[in-house]
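In what follows, a single structure is set out as structure tokens and then discussed.
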Amino acid sequence: MKLYKYFKFNSNNLMSLSNDTFYFSHPLNFNDPFDFKINLSSSNNEEILNKLCTFLETGSGEDFFLFPDEIVKDILNKQYDYPLDVPFLSDTLEFLLGYELSEYKRVLNDMDIKKYPLLKVFLEFYVNLGVTCLCLDPSSPAMWAHYTHNHEGFCAEYEIDKELDDEFIFVKDDIEKQSSIELDRKMILSKVKYKPVRNNLLNDKSNKSDLIKEMFIKSAEWKYEDEYRLLHLEKNSKSYKHPFKLKRVCSGLRMNENDFSILKKVLDKREGVKLCTSRRSSFQIHWNNDDPRIFLA
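Counting the sequence shown from 1 gives a position; the numbering used here is that position plus 365.
What follows is the structure in structure tokens.
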């Protein structure tokens, strides 16, 4: 199987090609504020809100602005008559996400939410979680425009083999249909599923596998990306080795001659990696596999 990753042209991304690394970003840095916002509900909503009230009353005034005004008012007045479809635990999670990662342990301890196992598991995952994205389509004009700085960067082709690395698991089929997911690996790759609404996980009945599955769900608005997501369960905000084989790299339509020359020098050191140039045809981008030594403006 082949997957593709779009890159801007810069020294860090050239190093990625040289060293077989990906940058694993933390979800707090995503451009989609809805991504990784897991809906958690619980049969213990009143007790959870009591814990939240205690924390809010001892915190700074700025903390309150992380909640809608009407919820803050009702929480402080200890009024819990919300509609049943309000995901209280999800609101608590949104509140926690306003903090820097270094503050998580303090917030967790202050709120005493360790008795809510799924939320605790999610927050522990969340602190260490790193994510990088690949896709199936190397010829999408939208992807080239969004992720290669207006076609000035490049797209890399990787060969994916589920047996490449014993620290890696590839969930090839629909991840939502998996009864369980192995959690003894450092990296998990699976196709993103696009849905109009998120699933609602029940805190006292769901498990770790359910939680991992939710991390591969995005809004249907992003379906055009046809994304595969690679999670690193232990590392984020740095570049780390990946288990995939780099096969080809294609330069963007607007890559200048100097950048093309630098890219070629980098790939000349990689045995078996082919450099291609892109060409346009109607509204599609095609990879030109001819000898790329002559720069195509």
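Think of the CB as a built atom: it goes at the ideal place given N, C-alpha and C, for glycine as much as any other residue.
In this structure, Phe401 places its C-beta atom within 9 Å of the C-beta atom of Tyr491. Per the coordinates, the alpha-carbon of Lys610 lies some 35 Å from the alpha-carbon of Val562. In this structure, Leu595 lies away from Leu379, with their beta-carbon atoms at least 9 Å apart. In the three-state DSSP reduction, Ser626 falls in the helix class (H, G or I). Below 8 Å, too few C-beta pairs join the region 531-549 and the region 376-395 to call them touching: fewer than three. One alpha carbon belongs to Asn384, the other to Arg645, and they sit about 30 Å apart. When C-alpha distances from Ser643 are compared across Ser504, Met366 and Asn394, the shortest belongs to Ser504. About 7 Å separates the Cβ atoms of Leu368 and Cys500, confirming a contact at the 8 Å cut-off.
Between Ile577 and Ile540, the CB-CB gap stays under 9 Å.
Measuring C-alpha to C-alpha distances from Lys542 to each of Tyr523, Glu579 and Asn565 identifies Glu579 as the nearest.
Under the three-state reduction of DSSP, His597 is assigned to strand. Under DSSP, Gly495 shares a beta bridge with His597. Going by C-alpha positions, Lys373 is about 11 Å away from Ala521. Closest by C-alpha distance to Lys600, out of Ser376, Gly495 and Asp397, is Gly495.
Residue pairing by DSSP puts Leu368 in a beta bridge opposite Tyr523. Annotation: Met552 to Lys583 spans about 19 Å, alpha carbon to alpha carbon. DSSP, reduced to helix, strand and coil, places Glu590 within a helical segment of the structure shown.
By the neighbour-count definition (other C-beta atoms within 10 Å, threshold 16), Phe625 is a buried residue. By the neighbour-count criterion, in which a residue is buried when 16 or more other Cβ atoms sit within 10 angstroms of its Cβ, Tyr371 is buried.
In this structure, the beta-carbon distance from Gly518 to Met366 does not fall below 9 Å.
Between the C-alpha atoms of Ala507 and Ser555 there is a straight-line separation of about 22 Å. Here the alpha carbons of Arg613 and Ser602 stand approximately 26 Å from one another.
Residue burial annotation: Phe395 is exposed, with fewer than 16 other C-beta atoms found within 10 angstroms of its C-beta.
Per DSSP, Lys578 is one residue of the alpha helix (DSSP H) stretching across Lys573 to Glu579. Between Lys560 and Phe581, the beta carbon gap of about 11 Å keeps them out of contact (Cβ cut-off 8 Å).
In the displayed model, Asn377 falls within a helix according to three-state DSSP.
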